[in-house]
Amino acid sequence: MAEETDHVVKSPPTTAVYRPGYEVAAEQVLELITQLRLRPGDRLPTEIELAQRLGTSRTVVREAVKILSALGRVRAHKGRGLYVADDEGMLGAGRWTPYFLPTDLDHVYMLFEFRRTQEMETSRLAARRATPAELHEIDKAAGVCRHGFETGREDLFIEGDDGFHTAIATASHNMFLQVAVREARRLQAQSNIIGLAGSIGGHAAKAVEEHEAIFRAIRVGDAEAAAEAAAAHIDNTLEDYRLGIQQRIFSSTD
Numbered sequence: 009m010a011e012e013t014d015h016v017v018k019s020p021p022t023t024a025v026y027r028p029g030y031e032v033a034a035e036q037v038l039e040l041i042t043q044l045r046l047r048p049g050d051r052l053p054t055e056i057e058l059a060q061r062l063g064t065s066r067t068v069v070r071e072a073v074k075i076l077s078a079l080g081r082v083r084a085h086k087g088r089g090l091y092v093a094d095d096e097g098m099l100g101a102g103r104w105t106p107y108f109l110p111t112d113l114d115h116v117y118m119l120f121e122f123r124r125t126q127e128m129e130t131s132r133l134a135a136r137r138a139t140p141a142e143l144h145e146i147d148k149a150a151g152v153c154r155h156g157f158e159t160g161r162e163d164l165f166i167e168g169d170d171g172f173h174t175a176i177a178t179a180s181h182n183m184f185l186q187v188a189v190r191e192a193r194r195l196q197a198q199s200n201i202i203g204l205a206g207s208i209g210g211h212a213a214k215a216v217e218e219h220e221a222i223f224r225a226i227r228v229g230d231a232e233a234a235a236e237a238a239a240a241h242i243d244n245t246l247e248d249y250r251l252g253i254q255q256r257i258f259s260s261t262d
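Each number in the numbering used here comes from the position in the sequence shown (counting from 1) with 8 added on.
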């Protein structure tokens, strides 16, 4: 955890890896929100004050704020200042957000544990409850993901991946799981953007096959096979994340 000394937030020492200043600043702002115990809707220090606390320029802070705004972590109100995003939603989903640090590996691993439980249950329920129309949506999303991989279109791959997991959650016919799946995936996307600079890793090819295994089990109504396939998919995605972190750390020594 970062320590605040003389109003400057300093990140813990890590292996020397180049990171853009705005990316580091974005992470530090998230740490500051946690340190100050700010809640959704609370006001943040001004850009000038943040620059002083972080020991960087106002320009870098402004770029960091743009990233965090795009991720839904802060909101900039013209003439009023910066605020922690107020996005409570069902189950108080937005209340998880202020405490999640995308570059804290303990947080990321806990999120994967949570996602594993979610995805297993949504897949299990979808196998029992999916309608023909919902099966079509799951299959269609898996196809978009495959097409994105085969054509090298990362945007399509991500679109299909999101659509696939969202469609399964919808087919579970459990509105609470639907909200939880959406929120957990949003938090994981933040760890990819800030922690891995948007990399989707080398698991893409296998992810496509894993999607199809999950869909096949759901289509034939095999609830336990669907749950097991979903668990394997999340486990392999986590392993890919670990490898991505290792490559990022050790690339600086090449």
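The C-beta atom is built at its ideal place from N, Cα and C for all residues, glycine as well.
Candidates the options, of which the one nearest residue i by Cα
i, options, result
"Arg190", "Glu57, Asp50, Gln126", "Gln126"
"Val228", "Arg250, Asp243, Lys148, Arg132", "Arg132"
"Glu220", "Thr159, Val32, Thr111, Ala237", "Ala237"
"Ile176", "Ala231, His115, Glu162", "Ala231"
"Ala150", "Asp112, His85, Asn182, Val216", "Val216"
"Leu246", "Thr130, Arg124, Arg194, Asp112", "Arg124"
Cα-Cα separation, residue i to residue j
i, j, result
"Ala239", "Glu218", "10 Å"
"Ala34", "Asp248", "24 Å"
"Ala205", "Arg70", "With a pLDDT of only 49 at Ala205, under the threshold of 50, the placement of this residue in the model should not be trusted; the figure read from the coordinates follows. Cα to Cα, Ala205 sits roughly 18 Å from Arg70."
"Val37", "Leu58", "8 Å"
"Ile166", "Gly156", "8 Å"
"Arg83", "Ala135", "39 Å"
"Gly100", "Ala188", "Residue confidence for Gly100 is low, a pLDDT of 47 falling below 50, so the modelled location carries little weight and cannot support an answer."
"Leu79", "Gln198", "7 Å"
"His211", "Glu121", "18 Å"
"Asp169", "Arg250", "19 Å"
"Val152", "Leu164", "6 Å"
"Arg81", "Pro28", "19 Å"
"Thr119", "Arg154", "Here residue 119 is Leu; the residue named in the question, Thr, does not match the sequence. So the alpha carbons of these two residues sit roughly 25 Å apart."
"Ile242", "Gly87", "43 Å"
"Val17", "Ala72", "Because Val17 carries a pLDDT of 45, less than 50, the predicted location of this residue cannot be relied on, and no value is offered for it."
"Tyr117", "Thr139", "33 Å"
"Asn244", "Tyr30", "30 Å"
"Ser65", "Thr54", "13 Å"
"Glu12", "Thr67", "Residue confidence for Glu12 is low, a pLDDT of 44 falling below 50, so the modelled location carries little weight; the figure read from the coordinates is stated next. Rounded to the nearest angstrom, the two C-alpha atoms are 21 Å apart."
"Gly179", "Arg137", "The question names Gly, yet the displayed sequence has Ala at residue 179. Taking the straight line joining both Cα atoms gives about 6 Å."
"His115", "Leu143", "33 Å"
"Pro110", "Ala233", "31 Å"
"Thr159", "His85", "40 Å"
"Thr174", "Ala192", "11 Å"
"Leu113", "Ile253", "9 Å"
Span of the beta strand (DSSP E), counted from its first residue to its last, around residue i
i, result
"Ala84", "82-85"
"Leu90", "89-92"
Residue i, enclosing alpha helix (DSSP H) - first and last residue
i, result
"Leu79", "Leu79 -> no alpha helix (DSSP H), and no H or E assigned at all."
"Leu169", "In the sequence on display, residue 169 carries Asp and not Leu. Element bounds for Asp169: 162-179."
"Val287", "Look at the range of the chain in this structure, 9 to 262, and you will see that residue 287 is not part of it."
"His219", "212-227"
Worksheet item: Residue ranges of each alpha helix (DSSP H) run of no fewer than 4 residues wholly in the segment 34-65, ordered along the chain?
Response: 55-62, all fully within the segment 34-65.
Fill in: Those runs of the alpha helix (DSSP H) which lie wholly inside the segment 112-151 and span at least 4 residues
Taken in chain order, the unbroken stretches of alpha helix (DSSP H) that lie wholly in the segment 112-151 and span 4 residues or more are 113-137.
Worksheet item: Using 8 Å as the threshold, is the segment 86-94 in touch with the segment 42-56, meaning 3 or more CB pairs across them?
Response: The segment 86-94 makes contact with the segment 42-56; the number of CB pairs closer than 8 Å reaches 3 or more.
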